[in-house]
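Residue numbers (my numbering), protein chains in the order written: chain L, 3 to 79; chain F, 57 to 248.
Below is one structure, written out as C-alpha cells, with a few remarks after it.
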Amino acid sequence: MKCFRIRTLFSAFLDDMTDMHDTEMIKDHLKHCICCERELENLKMCQNILEQMEEPKLPEGFALDLHRRLMKESCKA
Amino acid sequence: MITERDLILRSKLGETQAFEELVAEYQGKVYTLCFRYMANEEDAYDMAQETFIKAFNSLKSFQGKSRFGTWLYRVASNICLDEIRRRKRRISTISIHQPLETDDSEVEKEIADVRPTVEALYEQKELSLYIQTLLDQMKPEHRAVIILRDMMGLSYDEIGEVLDCSTGTVKSRLSRARTIFRNNFIKREHLP
C-alpha cells in the first residue's frame, strides 16, 4: 500500500470515521512506516492546537444591543 | 417548564422576548464561530448580531429537521462566508499581493512573512493570532470545515447540514483542508 493512499485516510482516521477495513490497513502500515507515523503525529498536533484555542469572551453589552435591534425589527414588521 | 420548542413557536409568532430567551445560551458559541471566521472582535460582533437578526426574521423557514443550534450555525456560517468572499473579491481587484492558500494544484504566490518570533509563539495570544492568520489564508470552504470540526467540535453530519453538502464532501474537504493547514504550519515552524 502506497503512503499517498494511506495519508488520504488520516483525517477520517483521526475522527474515527474510517471503516474497519481502512482502520486495520492504516494500523498495519504505521507499524513499518516511520514517515507516515510522523505525518499522522503532525496532523494530530495541528488538530490539538486548533482544539485548544482559547474561546473569545462575548463582549459586554452584546445581549442588550441585540435586544435593541430586535425591538427595531419588530417595529418594522 | 418552557421547552426550546415552545420558545421557537412563540418566536415564530414574532415574540422578541421568547426569541431572546431562545438564543441566550447560543450567544457565546455563535460569537466564537463568527470570531473564528472573521479573525477580529469588531467583525465577529457585527456578524453575530446579524446572525441573530437574520435568524429572527427567517425563523419561519426553520422546520426542526436539524437541531436549532445547528441551524443557527448555518445562518452564521452563511453570513460570515458571504462577507469573506465579498471582501476577497474586492481585494483581488486591487492587489496582486493577496495571500493564497498553498496547494499543489494551484499557483503558489509569495506570502508575506507574518511569522512571530519562536519565543513569542509559546505565548497563547501570539499562537492564537498566528493560527488565525493561517486560517485567514485558506479558501473559505477549507477554513469553514476546520473551524466547524476542529474548533467548534461539530460532527460530520452537522457540518454537512451547516454547509449544505454531503457527509462525503465534508470528509474529503476536511482531509484536504487539514493537509493544507498542516503544510503551512509545519513549513513555518520548520518541523520534520
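The C-beta atom is built at its ideal place from N, Cα and C for all residues, glycine as well.
As the structure is a prediction and not an experimental result, all values here were calculated from the model.
Would DSSP call residue i helix, strand or coil?
i, result
"PHE108/F", "helix"
"LEU137/F", "helix"
"LYS33/L", "helix"
"THR223/F", "helix"
"GLY120/F", "coil"
"GLN193/F", "coil"
"SER211/F", "coil"
"ARG7/L", "helix"
"ILE58/F", "coil"
"GLN54/L", "coil"
"ALA95/F", "coil"
"GLY70/F", "coil"
"ASP102/F", "helix"
"ASP18/L", "coil"
"SER228/F", "helix"
"LEU65/F", "helix"
Under the rule that 16 or more other beta-carbon atoms within 10 Å means buried, what is residue i, buried or exposed?
i, result
"HIS31/L", "buried"
"LYS243/F", "exposed"
"ASP18/L", "exposed"
"ALA80/F", "exposed"
"CYS136/F", "buried"
"SER133/F", "buried"
"GLN119/F", "exposed"
"CYS90/F", "buried"
"MET194/F", "buried"
"MET207/F", "buried"
"PHE25/F", "Examination of residue 25/F is not possible in this model, given that chain F is present from 57 through 248 alone."
"ILE187/F", "buried"
"GLU217/F", "buried"
"SER114/F", "exposed"
"SER67/F", "buried"
"ILE28/L", "buried"
Restricting to Cα atoms, I'd like to know which of the options is closest to residue i.
i, options, result
"PHE108/F", "LYS85/F, SER222/F, ARG145/F and SER231/F", "LYS85/F"
"LYS181/F", "PRO61/L, SER76/L, LEU16/L and GLU56/L", "GLU56/L"
"ARG143/F", "MET94/F, GLY224/F and GLU76/F", "MET94/F"
"ILE236/F", "ARG199/F, CYS221/F and GLY224/F", "ARG199/F"
"ILE203/F", "ARG229/F, ILE64/F and LEU69/F", "ARG229/F"
"GLU62/L", "ARG66/F, GLU97/F, LYS110/F and LEU89/F", "GLU97/F"
"TYR129/F", "LYS116/F, ASN239/F, SER67/F and ARG92/F", "ARG92/F"
"LYS116/F", "ARG145/F, ASP102/F, ARG141/F and LEU69/F", "LEU69/F"
"ASP102/F", "MET22/L, THR25/L, LEU60/L and LEU52/L", "LEU60/L"
"SER222/F", "LEU190/F, VAL201/F, MET57/F and PRO196/F", "VAL201/F"
"ASP220/F", "ALA100/F, ILE147/F, VAL131/F and SER184/F", "VAL131/F"
"PRO58/L", "GLY224/F, SER184/F and SER211/F", "SER184/F"
"ASP24/L", "CYS35/L, THR10/L and HIS34/L", "THR10/L"
"GLY209/F", "ARG70/L, MET47/L, LEU52/L and CYS77/L", "LEU52/L"
"ASP99/F", "GLU71/F, ASP62/F, LYS110/F and GLU139/F", "GLU139/F"
Can the beta-carbon of residue i be found less than 8 Å from the beta-carbon of residue j?
i, j, result
"ALA14/L", "LYS121/F", "no"
"ILE8/L", "CYS38/L", "yes"
"LEU80/L", "PHE12/L", "Residue 80/L is absent from the model: chain L starts at 3 and stops at 79."
"LEU190/F", "ASN239/F", "no"
"ARG141/F", "PRO196/F", "yes"
I think residue i touches residue j, with their Cβ atoms under 8 Å apart; what is that distance to the nearest whole Å?
i, j, result
"LEU205/F", "LEU45/L", "In the sequence under discussion, the amino acid at residue 205/F is Arg, which differs from the Leu named in the question. Contact doesn't hold; Cβ gap of about 13 Å is too wide."
"ASP67/L", "GLN105/F", "6 Å"
"GLU214/F", "THR126/F", "5 Å"
"PHE112/F", "ILE64/F", "About 11 Å; that fails the 8 Å criterion."
"GLN49/L", "LEU16/L", "6 Å"
"TYR87/F", "PHE64/L", "7 Å"
At a cut-off of 7 Å, would you count residue i as near the ligand ATP, judging by its Cβ distance to the nearest heavy atom?
i, result
"GLY84/F", "The ligand ATP is not part of this structure, which contains no ligands at all."
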